[in-house]
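To start, the structure itself, in structure tokens.
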Amino acid sequence: MGAMLERLAPIGRDPETGGYLRDAWSDADLELREWFAGEATSRGLDLREDRNGNLWAWWGSPSRERPGVVTGSHLDSVRQGGAYDGPLGVVSAFAALDLLKERAVTPSVPVGVACFTDEEGARFGVPCMGSRLLTGALSPDRALGLTDDDGDTLAEVLRRAGRKPHETGRDDETLATVGTFVELHVEQGRGLVTEGRPVGVAGAIWPHGRWRLDFRGRADHAGTTRLADRDDPMLPFARMTLAARQAAQRLGVVATVGKVRVSPGSANAIPGLVSAWLDARGADAAAVRELVGEVSGEASEVREESWTPEVVFAEALRDRLARVAGGDTPAPILPTGAGHDAGILAAAGIPSAMLFVRNPTGVSHSPGEHAERADCEAGVVALADVLEDLCR
57 MGAMLERLAP IGRDPETGGY LRDAWSDADL ELREWFAGEA TSRGLDLRED
107 RNGNLWAWWG SPSRERPGVV TGSHLDSVRQ GGAYDGPLGV VSAFAALDLL
157 KERAVTPSVP VGVACFTDEE GARFGVPCMG SRLLTGALSP DRALGLTDDD
207 GDTLAEVLRR AGRKPHETGR DDETLATVGT FVELHVEQGR GLVTEGRPVG
257 VAGAIWPHGR WRLDFRGRAD HAGTTRLADR DDPMLPFARM TLAARQAAQR
307 LGVVATVGKV RVSPGSANAI PGLVSAWLDA RGADAAAVRE LVGEVSGEAS
357 EVREESWTPE VVFAEALRDR LARVAGGDTP APILPTGAGH DAGILAAAGI
407 PSAMLFVRNP TGVSHSPGEH AERADCEAGV VALADVLEDL CR
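Just so you know, we're using this note's numbering here: the sequence shown kicks off at 57 and counts up by one.
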């Protein structure tokens with residue numbers, strides 16, 4: 057697996073920060089998709105692309121009557137993200153198939169490797185775009201009208217990439233081929249460090265959402281306008297940001313303002329508009345929504361861009377993974393505040409589960425994201441064991 061990670065390492069990498077710029081349907085993303093196709097072809101797998109741009113590489117021929125066991129993740133990244141969030145799951149999937157073949161395992165059902173498109177939502181603002189469209193959790197009309205920072209709609213971007221926007225939407229034919237889905241992912245936290253274990257299992261995904269808050273004021277000259285005459289939207293924006301932190305501490309949730317757009321964006325001009333994106337998550341959905349309600353009072357407009365209810369992975373499948381992946385001692389079961397395609401599939405009724413690989417610092421969505429090679433290899437072995445067990 058080390059060679060695969062090394063081949064991926066230069067794609068979309070910012071030489072100044074070491075972080076990655078792998079927006080969905082960007083040149084870097086298209087190069088990553090070519091890499092995926094090459095890995096599938098070199099293994100003799102049947103490569104397919106569904107109506108929403110998700111990639112599937114099949115060992116065997118799945119059908120509605122004979123659905124398969126699927127593993128995989130995504131290859132896009134948040135802006136200035138790390139090397140493991142997403143790619144580790146895809147690389148580990150191919151490596152696990154290689155290991156099964158080395159073991160001379162003959163699966164009783166087809167086995168697939170999936171690469172979901174636009175999991176991070178960095179370009180169009182909605183996370184897990186590919187799996188949400190696939191399952192019908194996101195309507196094609198809304199998705200195709202979403203715009204990126206350059207004002208290009210998803211529909212325009214898909215056309216330029218040679219795809220057919222009018223074909224996007226729920227894809228029952230593809231869904232019927234997926235009997236079980238297992239996603240391996242680097243842990244985005246330090247739970248496994250505390251447990252002293254290289255591999256764990258996800259128990260649940262916290263409810264989480266993104267909101268856009270617009271604060272409108274009046275653009276004016278920064279030097280000639282008296283303070284008393286100003287209508288500066290940066291002030292209510294700043295109060296909202298501070299209030300979100302305070303409310304999060306009080307309510308036992310987390311809240312982040314990680315993206316801000318100021319218009320006109322001149323150093324010598326009072327803004328006329330400040331748009332801020334609030335990300336809020338927590339174990340208690342009511343507390344998350346209470347926070348958003350508390351802090352948005354001064355906003356001119358509030359729009360919910362995405363909301364994902366709590367996902368509790370099926371207990372029987374979760375416990376089965378913990379037993380198989382843990383060896384002599386069942387792997388620890390951990391909650392997570394990070395969203396994943398596995399959660400979208402689970403919410404759509406597809407039996408789904410997740411394996412986590414230890415992250416020594418807990419840092420993620422950052423160039424500092426890391427996993428030790430030995431832990432990654434332990435993850436591949438655990439994933440292969442799980443796939444072999446599920447394919448009996």
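Heads up, the beta-carbon is just placed ideally off N, CA and C, and yes, glycines get one too.
Using DSSP with H/G/I as helix, E/B as strand and the rest coil, what is ALA199? On the sequence shown, position 143 is the one that residue 199 refers to. Of the three classes helix, strand and coil, the one that applies to ALA199 here is helix, per DSSP.
Where the alpha helix (DSSP H) containing PRO143 begins and where it ends: The count along the sequence shown starts at 1 and reaches residue 143 at position 87. Element bounds for PRO143: 143-158.
Do the CB positions of LEU131 and CYS184 come within less than 8 angstroms of each other? Stepping through the sequence shown from its first residue, residue 131 is reached at position 75. Stepping through the sequence shown from its first residue, residue 184 is reached at position 128. No; because the gap between Cβ atoms is not below 8 angstroms, this pair is not in contact.
Between which residues of its own chain and ASP227 is the CB-CB distance below 7 angstroms, once the five residues before and five after are set aside? By one-based count along the sequence shown, residue 227 stands at place 171. Hits under 7 angstroms: ASP106, ARG107, ASN108 and LEU190.
Could you spell out the range, first to last residue, of the alpha helix (DSSP H) harbouring ALA343? The residue labelled residue 343 in the question sits at position 287 within the sequence shown. Run containing ALA343: 341-351, per the alpha helix (DSSP H) assignment.
If you draw a straight line from the C-alpha of ALA199 to the C-alpha of LEU210, how long is it? Residue 199 sits at position 143 when you count from the first residue of the sequence shown. Residue 210 sits at position 154 when you count from the first residue of the sequence shown. A direct Cα-to-Cα measurement between ALA199 and LEU210 gives close to 7 angstroms.
6 angstroms CB neighbourhood of VAL147 in its chain, flanking five on each side removed: To locate residue 147, count along the sequence shown from 1; it is residue 91. So the list reads MET57, MET60 and LEU61, once near-sequence residues are dropped.
4 or more residues per run - each alpha helix (DSSP H) lying fully within the region 266-336: Along the length of the region 266-336, whole alpha helix (DSSP H) runs at least 4 residues long occupy 290-307, reported in chain order.
Who are the near neighbours of THR428 in its chain, counting only those whose CB is closer than 7 angstroms to its CB and skipping five residues on each side? Within the sequence shown, residue 428 is the residue found at index 372, counting from 1. It is Glu, not Thr, that sits at residue 428 in the sequence shown. Contacts found: PRO416.
Under three-state DSSP, which class holds ALA430? Residue numbering aside, residue 430 sits at position 374 when the sequence shown is read from its first letter. Helix at ALA430.
PHE172 (DSSP reduced to helix, strand or coil): Here residue 172 refers to the residue found at position 116 of the sequence shown. In the three-state reduction of the DSSP assignment, PHE172 falls in the strand class, which pools E and B.
ALA378 (DSSP reduced to helix, strand or coil): Working through the sequence shown from its first residue, we reach residue 378 at position 322. Residue state, collapsed to three classes: helix.
Of the choices ARG179, VAL125, TYR140 and GLU158, whose alpha-carbon is the least far from that of GLY418? Against the sequence shown, residue 418 aligns to sequence position 362. Considering only alpha carbons, the answer is TYR140.
Excluding the 5 residues preceding and the 5 following ASP85 in the sequence, name in chain order all residues of the same chain whose CB lies nearer than 6 angstroms to its CB. Here residue 85 refers to the residue found at position 29 when the sequence shown is read from its first residue. Annotation for ASP85: ARG78 and ASP132 place their beta carbon closer than 6 angstroms to its own, counting only its chain and skipping 5 residues before and after.
GLY87 lies in the beta strand (DSSP E); which residues open and close that run? One-based indexing of the sequence shown puts residue 87 at position 31. With the sequence shown as reference, residue 87 is identified as Glu, and Gly is not the correct amino acid for it. Segment 83-98 is the alpha helix (DSSP H) holding GLU87; no beta strand (DSSP E) there.
Answer yes if the region 364-372 comes into contact with the region 200-209, meaning at least three C-beta pairs across the two stretches below 8 angstroms, and no otherwise. No, because fewer than three Cβ pairs between the region 200-209 and the region 364-372 fall closer than 8 angstroms, the two stretches do not touch.
Under 8 angstroms Cβ to Cβ from GLY452, same chain only, skipping five residues before and after it: list those, please. The shown model of the chain, from 57 to 448, leaves out residue 452, and the question about it has no answer.
Alpha-carbon spacing of ALA178 relative to VAL318, whole angstroms: Mapped onto the sequence shown, residue 178 falls at position 122. Mapped onto the sequence shown, residue 318 falls at position 262. When rounded, the distance between both Cα atoms is 18 angstroms.
Here's a check: name, in chain order, each residue in its chain whose Cβ is nearer than 7 angstroms to the Cβ of ARG286, leaving out the five neighbours to either side. For the purposes of this step, residue 286 is taken as the residue at position 230 of the sequence shown. Counting only Cβ-Cβ distances below 7 angstroms, and skipping sequence neighbours, we find ASP276 and ILE326.
Quick one: Cα of VAL234 to Cα of VAL125, how far? By 1-based counting over the sequence shown, the position of residue 234 is 178. By 1-based counting over the sequence shown, the position of residue 125 is 69. For VAL234 and VAL125, the distance between alpha carbons rounds to 6 angstroms.
When you compare only the Cα positions, how much space is there between GLU444 and PRO166? Stepping through the sequence shown from its first residue, residue 444 is reached at position 388. Stepping through the sequence shown from its first residue, residue 166 is reached at position 110. One C-alpha to the other measures close to 11 angstroms.
Under the rule that 16 or more other beta-carbon atoms within 10 Å means buried, what is PRO320, buried or exposed? Taking the sequence shown and counting its residues from 1, the one referred to as residue 320 is at position 264. Looking at its Cβ environment, which holds fewer than 16 other Cβ atoms inside 10 Å, PRO320 is exposed.
Residue range of the alpha helix (DSSP H) that ILE406 falls in? As a position in the sequence shown, residue 406 is number 350, starting the count at 1. No alpha helix (DSSP H) holds ILE406; DSSP gives it neither H nor E.
Check whether the Cβ atoms of SER164 and CYS447 lie closer than 8 angstroms to each other. Position 108 of the sequence shown, counted from the first residue, corresponds to residue 164. Position 391 of the sequence shown, counted from the first residue, corresponds to residue 447. Yes, these two residues count as a Cβ contact at 8 angstroms.
Cα separation between ARG120 and GLY405? Along the sequence shown, read from residue 1 onward, the residue named residue 120 stands at position 64. Along the sequence shown, read from residue 1 onward, the residue named residue 405 stands at position 349. Cα to Cα, ARG120 sits roughly 15 angstroms from GLY405.
Which same chain residues, not among the five before or five after GLY308, have their C-beta less than 8 angstroms away from its C-beta? Counting from 1 along the sequence shown, the entry for residue 308 is found at position 252. The residues are GLY338, ALA339, ASP340 and ALA343.
Straight-line CA distance for VAL358 to ALA332? Start at 1 with the first residue of the sequence shown, and residue 358 comes out as number 302. Start at 1 with the first residue of the sequence shown, and residue 332 comes out as number 276. Roughly 10 angstroms separates the two Cα atoms.
How should ASN110 be labelled, buried or exposed, when 16 other C-beta atoms within 10 angstroms of its C-beta is the threshold for buried? The residue labelled residue 110 in the question sits at position 54 within the sequence shown. Taking a 10 Å sphere around the C-beta of ASN110, we find 16 or more other C-beta atoms and assign the residue as buried.
What separation, rounded to the nearest whole angstrom, lies between the Cα atoms of GLU72 and ARG159? As a working mapping, residue 72 is identified with position 16 in the sequence shown. As a working mapping, residue 159 is identified with position 103 in the sequence shown. Computed Cα separation, rounded: 43 angstroms.
With DSSP as the reference, identify every bridge partner of TYR76, one or two as the case may be. Reading the sequence shown from its first residue, position 20 is the one you call residue 76. According to DSSP, which records beta bridges pairwise, TYR76 is partnered with ARG69 and GLY137.
Let me check one thing: in DSSP terms, what residues is ASP132 bridge-paired to? Numbered from 1 along the sequence shown, position 76 holds the residue referred to as residue 132. ASP132 pairs with nothing; no bridge assigned.
If TRP262 sits next to THR392, beta carbons under 8 angstroms apart, how far is it from one beta carbon to the other, in whole angstroms? Stepping through the sequence shown from its first residue, residue 262 is reached at position 206. Stepping through the sequence shown from its first residue, residue 392 is reached at position 336. Taking a contact as a CB-CB distance under 8 angstroms, the pair TRP262 and THR392 counts as one, their CB atoms being some 7 angstroms apart.
With DSSP as the reference, please indicate the residues paired to GLU256 in a beta bridge. Translated into positions along the sequence shown, residue 256 becomes position 200. Looking at the sequence provided, one finds Gly at residue 256 rather than Glu. Beta-bridge pairing links GLY256 to PHE412.
Alpha carbons only, please: which of ASP197, VAL213, ARG135 and ASP205 is nearest the one belonging to GLU176? Taking the first residue of the sequence shown as 1, we reach residue 176 at position 120. Minimum Cα distance to GLU176 is reached at ARG135.
In whole angstroms, what separates the C-alpha of THR236 from that of SER322? The residue you call residue 236 lines up with position 180 of the sequence shown. The residue you call residue 322 lines up with position 266 of the sequence shown. Per the coordinates, the alpha-carbon of THR236 lies some 52 angstroms from the alpha-carbon of SER322.
Which word fits SER117, buried or exposed, when buried means at least 16 other C-beta atoms lie within 10 angstroms of its C-beta? As a position in the sequence shown, residue 117 is number 61, starting the count at 1. Under a 10 Å Cβ-count criterion, SER117 is classified as exposed, with fewer than 16 other Cβ atoms of the shown protein chains found around its own Cβ.
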